[in-house]
Amino acid sequence: MKRVLTYGTFDLLHWGHINLLKRAKDLGDHLTVAISTDDFNRIKDKKAYHSYENRKMILESIRYVDKVIPENDWDQKIQDVIDNKIDVFVMGDDWKGKFDFLKEYCEVIYLPRTVGISTSQIKEDLLEVRNG
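Its first residue numbered -17, the sequence shown is counted upward by one per residue in the working numbering.
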């Protein structure tokens, strides 16, 4: 079985997220998704609309996702790869080169982002509508 791993916050889920999850799953047989916990988001100074538990529940309901694990800190990736017997690590290409240190443990692939959509853009658009 070929195992794939990706990371993210996955807040305000949109078709770009689904594209990433589908393309990641297409690279193997089993997809594990690590999502940032609420505490880790605070450390990163990032605010999610949905709680970790709600984001986890949403991701677990997506057919491409086989397992969801918590991301608690920046330094857990090597251990996650080892513990979950990961063959392929996948991230969006906006992170290109940042996870090459994992090549010692598994294949690392950076996928192109979906054009025209991002959580940041959704948040900006909602603020514009609210203030509009």
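Where is the CB? At the ideal position from N, CA and C, for every residue including glycine.
Residue i and residue j closer than 7 Å at C-beta
{"i": "G19", "j": "P52", "result": "The identity of residue 19 in the sequence shown is Thr, whereas the question assumes Gly. Yes, Cβ-Cβ distance for T19 and P52 is below 7 Å."}
{"i": "F22", "j": "N54", "result": "yes"}
{"i": "G10", "j": "V(-14)", "result": "yes"}
Bridge partners - residue i, DSSP secondary structure assignment
{"i": "T(-9)", "result": "Bridge partners of T(-9): none, in fact."}
N-terminal and C-terminal residue of the beta strand (DSSP E) that residue i is part of
{"i": "H12", "result": "12 to 18"}
{"i": "L93", "result": "89 to 93"}
{"i": "I51", "result": "49 to 53"}
{"i": "M73", "result": "70 to 74"}
Nearest neighbour of residue i, chosen from the options [CA to CA]
{"i": "L41", "options": "F(-8), M(-17), L9", "result": "F(-8)"}
{"i": "W77", "options": "E89, E110, K85, L93", "result": "L93"}
{"i": "D57", "options": "V90, C88, E89, F81", "result": "F81"}
Beta-carbon contacts of residue i that lie in its chain and below 8 Å, excluding the five residues immediately before and after
{"i": "H12", "result": "M(-17), K(-16), R(-15), V(-14), D48, K49"}
Residue range of the alpha helix (DSSP H) that includes residue i
{"i": "R5", "result": "-3 to 7"}
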